[in-house]
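Numbering (my numbering), first residue to last: 42 to 663. Take a look at the structure set out below.
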Amino acid sequence: MSWGTELWDQFDNLEKHTQWGIDVLEKYIKFVKERTEIELSYAKQLRNLSKKYQPKKNSKEEEEYRYTSTRAFLATLNEMNDYAGQHEVISENMTSLITGELTRYVQELKQERKSHFHDGRKAQQHIETCWKQLEASKRRFERDCKEADRAQQYFEKMDADINVTKADVEKARQQAQLRHQMAEDSKAEYSSTLQKFNSEQHDHYYTHVPNIFQKIQEMEERRIVRIGESMKTFAEVDRKVIPIIGKCLDEITKAAESIDHKNDSQLVIEAFKSGFEPPGDVDFEDFTQPMKRTVSESSLSNSRGDGKSEPKFGGKSKGKLWPFIKKNKLMSLLTSPHQPPPPPPASASPSAVPNGPQSPKQQKEPLSHRFNEFMTSKPKIHCFRSLKRGGAGPEDFSNLPPEQRRKKLQQKVDELNKDIQKEMDQRDALTKMKDVYIKNPQMGDAASVDHRLAELGQNIEKLRLEVQKFEGWLAEVEGRLPMRTEQARRQSGLYEAQNTSAVNSCAQDRESSPDGSYTEEQSQETEMKVPATDFDDEFDDEEPLPTIGTCKALYTFEGQNEGTISVAEGEMLYVIEEDKGDGWTRIRRNEDEEGYVPTSYVEVYLDKNAKDVYKSLQKISE
Numbered sequence: 042m043s044w045g046t047e048l049w050d051q052f053d054n055l056e057k058h059t060q061w062g063i064d065v066l067e068k069y070i071k072f073v074k075e076r077t078e079i080e081l082s083y084a085k086q087l088r089n090l091s092k093k094y095q096p097k098k099n100s101k102e103e104e105e106y107r108y109t110s111t112r113a114f115l116a117t118l119n120e121m122n123d124y125a126g127q128h129e130v131i132s133e134n135m136t137s138l139i140t141g142e143l144t145r146y147v148q149e150l151k152q153e154r155k156s157h158f159h160d161g162r163k164a165q166q167h168i169e170t171c172w173k174q175l176e177a178s179k180r181r182f183e184r185d186c187k188e189a190d191r192a193q194q195y196f197e198k199m200d201a202d203i204n205v206t207k208a209d210v211e212k213a214r215q216q217a218q219l220r221h222q223m224a225e226d227s228k229a230e231y232s233s234t235l236q237k238f239n240s241e242q243h244d245h246y247y248t249h250v251p252n253i254f255q256k257i258q259e260m261e262e263r264r265i266v267r268i269g270e271s272m273k274t275f276a277e278v279d280r281k282v283i284p285i286i287g288k289c290l291d292e293i294t295k296a297a298e299s300i301d302h303k304n305d306s307q308l309v310i311e312a313f314k315s316g317f318e319p320p321g322d323v324d325f326e327d328f329t330q331p332m333k334r335t336v337s338e339s340s341l342s343n344s345r346g347d348g349k350s351e352p353k354f355g356g357k358s359k360g361k362l363w364p365f366i367k368k369n370k371l372m373s374l375l376t377s378p379h380q381p382p383p384p385p386p387a388s389a390s391p392s393a394v395p396n397g398p399q400s401p402k403q404q405k406e407p408l409s410h411r412f413n414e415f416m417t418s419k420p421k422i423h424c425f426r427s428l429k430r431g432g433a434g435p436e437d438f439s440n441l442p443p444e445q446r447r448k449k450l451q452q453k454v455d456e457l458n459k460d461i462q463k464e465m466d467q468r469d470a471l472t473k474m475k476d477v478y479i480k481n482p483q484m485g486d487a488a489s490v491d492h493r494l495a496e497l498g499q500n501i502e503k504l505r506l507e508v509q510k511f512e513g514w515l516a517e518v519e520g521r522l523p524m525r526t527e528q529a530r531r532q533s534g535l536y537e538a539q540n541t542s543a544v545n546s547c548a549q550d551r552e553s554s555p556d557g558s559y560t561e562e563q564s565q566e567t568e569m570k571v572p573a574t575d576f577d578d579e580f581d582d583e584e585p586l587p588t589i590g591t592c593k594a595l596y597t598f599e600g601q602n603e604g605t606i607s608v609a610e611g612e613m614l615y616v617i618e619e620d621k622g623d624g625w626t627r628i629r630r631n632e633d634e635e636g637y638v639p640t641s642y643v644e645v646y647l648d649k650n651a652k653d654v655y656k657s658l659q660k661i662s663e
């Protein structure tokens, strides 16, 4: 089967067919190009998708990825990134192995096709030229034969005519002979040209054209084979990445199987466990007895002894604090002066006069209402120092429950130890460098590293002090060390006064009592005292209220109730909270003594500037 023998007369159709084959090849190249663009776009979208859901650095999302489910999701994102990489490999391989190779092959194919058809046209033109020569020789021979016949007839005519001279007859005879000779020459030329044409035509149709068409056939078959090989490569490029994509999918499956719901549940416990115990049962309070109400152990604090004061910091109390109580709410419920009130005097005091101001006390509210208020309350900004820090918690994490505080402190200690190790490594390296400089002065000046060594030594010392400080707090939380003394608490900021928001809440919740003492209707929250527990450390970051003026005691007042303070007539004190309409003014004697006195017992001199600052602080804390 050969195009040269079977299609010897289909030169034009072969030319159209081969051009169509090149068009098909170019169409396939375009198809592969678009496929590579799709793969690149898909890979880019997959990478963007993976990046979009990656946890942001130094954000809360990083903490969420400690759970097995979120870690599995993170592994899925990473595998999808690798999955996208394989699609990029598909695009690169198709571009290099198919698109690039076929593009070069098409150019070569076009050149080869052009050459073959040029040879075919040249052979066709040659045979056509031979045919024209044959036709011209044939027409000349035919013309010469006709002229020879006419010359012969003319000679015979002249020879038969008796009236014609002998010279004319001879001339006619010569002309006839000349025409016969020319006819014979044309015949010989025509015969020769015919033989030559037949030979050329035989060579054309049996040698030249078959050879040219055979080359065109081989060219077309190579094109078909090449496009088939490209299609195989198209499939192989995909098949080569299937194992890697399979591994990606296997890793996603493995990550999914690694999810441990029990472990995640345990992590939730570790993340949010406060370390507190649930409150116990509430004791029955018998209002039929004319005795002073007591506070049960299961309420917010231990009951006070009859006229006996409890030390503020005397180890862990047996009372239970509710873990959901916010400090501002707690301080608005409880008025906890640094020193317990003195026992009631034997004789009546000015505070007992009928028209005298009453002690600040809480409004009577159901316990369920207090519980809901605790659960829905929001922490307030305590002081200007918190504002300057942008609302950050205290350094010793005392605003956290014990269990969370312990974890934070341990984490801080580990970070500081790592910093110390880095500084020590730098110091060791510089020490070695200094030794080299001492032994080889030409390499450098040994004194040039002294300054840096001194800085590293200071940094290490500071970090060690920080470690000791945080280890002390950690030991206190874990119970390895006894509670610090009152003086140590005051120095570390743990023994500071209540904040402005607590004072406002306390003042707003006070109501009057005719005899200046707590009445039977007073709720047990105002009657009790905060126990000295580790939970007290939550209030270690408060600053004393600012002074807004001074006052002079007009009368002697014996502070009998919780939250009041005794003053002597003529004594000068500092005002830290003015009367809010309930007849009480909050004053301070020194750093450790402050409380409420009847407004009518003192003459107040307010500082306008300090008052404005105080009001601004109140608005911020509210």
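Don't be surprised by glycine CBs; every beta carbon is placed ideally from N, CA and C.
Exercise for the section: Going by DSSP, name the residue or residues bridged to Pro639. Expected result: Trp625
Problem - DSSP three-state assignment for Arg498, whether helix, strand or coil - result: Looking at the sequence shown, residue 498 is not Arg but Gly. Helix.
Problem - Cα-Cα separation, Glu80 to Lys57 - result: 35 Å
Handout entry: alpha helix (DSSP H) runs wholly inside the segment 57-144, at least 4 long, in chain order
Key = 101-105 and 109-135
Exercise for the section: Output yes or no for whether 7 Å exceeds the beta carbon distance between Ile286 and Gln127. Expected result: yes
Handout entry: Burial state of Ile139 (16 or more Cβ within 10 Å)
Key = buried
Problem - Through-space distance from Arg280 to Tyr255, alpha-carbon basis - result: The question names Tyr, but residue 255 in the sequence shown is Gln. Approximately 37 Å between the Cα atoms of the pair.
Problem - Start and end residues, alpha helix (DSSP H) containing Met223 - result: Lys207 to Asp244
Practice task
Tell me Met613's beta-bridge partners as DSSP assigns them.
Solution key: Lys593
Practice task
Determine the burial state of Thr117: buried for a count of at least 16 other Cβ atoms within 10 Å of its Cβ, exposed for fewer.
Solution key: buried
Problem - Where the alpha helix (DSSP H) through Pro284 begins and ends - result: Val250 to Glu298
Problem - Of the listed residues Tyr246, Tyr231, Lys173 and Phe182, nearest to Ser43 (C-alpha basis) - result: Tyr246
Handout entry: Asp466 versus Tyr478, Ala488 and Asn500, residue with shortest Cα-Cα distance
Key = Asn500
Handout entry: Distance, Glu120 Cα to Glu292 Cα
Key = 7 Å
Practice task
Compute the Euclidean distance between the alpha carbons of Trp363 and Leu441, then round it to the nearest angstrom.
Solution key: Any reading at Trp363 must be qualified, since the residue scores a pLDDT of 44, below 50, and its modelled position is unreliable; no value is offered.
Exercise for the section: List the residues that DSSP assigns as beta-bridge partners of Leu647. Expected result: Gly590
Handout entry: Identity of the residues DSSP links to Phe598 by a beta bridge
Key = Val608
Handout entry: Inter-residue spacing [alpha-carbon to alpha-carbon] between Ile63 and Ala125
Key = 34 Å
Practice task
Find the nearest neighbour of Gln215 within the set Ala229, Thr46, Ile203 and Glu197, judged by alpha-carbon distance.
Solution key: Glu197
Handout entry: Contact set for Tyr478: own chain, Cβ-Cβ below 7 Å, skip 5 residues either direction
Key = Met484, Gly485, Asp486 and Ala487
Practice task
For my contact list, Val130 and Val282 are in at a C-beta cut-off of 8 Å; report their separation, rounded to the angstrom.
Solution key: 6 Å
Handout entry: Closest by C-alpha distance to Asn249, when choosing among Glu464, Phe52, Ala609 and Val309
Key = The residue you asked about is not Asn; residue 249 is His in the sequence shown. Looking at the Cα atoms, Phe52 is the closest of the given residues.
Exercise for the section: Would you list the one or two residues that DSSP bridges to Glu618? Expected result: Arg627
Handout entry: Spatial neighbours of Leu308 in its chain, beta-carbon cut-off 8 Å, leaving aside the 5 residues before and after
Key = Arg107 and Tyr108
Practice task
Tell me whether His157 is buried or exposed, calling it buried when 16 or more other Cβ atoms sit within 10 Å of its Cβ.
Solution key: buried
Handout entry: Phe72 classed as buried or exposed, judged by whether at least 16 other C-beta atoms fall within 10 angstroms
Key = exposed
Exercise for the section: Pick out whichever of Cys186, Gly590 and Glu610 has its Cα sitting closest to the Cα of Glu599. Expected result: Glu610
Handout entry: Between the CA atoms of Leu586 and Met613 - distance to the nearest angstrom
Key = 18 Å
Handout entry: Leu48, DSSP secondary structure in three states
Key = coil
Handout entry: Range covered by the alpha helix (DSSP H) that runs through Met42
Key = Element bounds for Met42: n/a, residue is neither H nor E.
Problem - Rounded separation between Glu183 and Lys173 - CA only - result: 15 Å
Exercise for the section: Output the boundary residues of the alpha helix (DSSP H) element that contains Pro443. Expected result: Pro443 to Lys480
Problem - Option nearest Ser233 by Cα separation, candidates Ser178, Pro320 and Glu519 - result: Ser178
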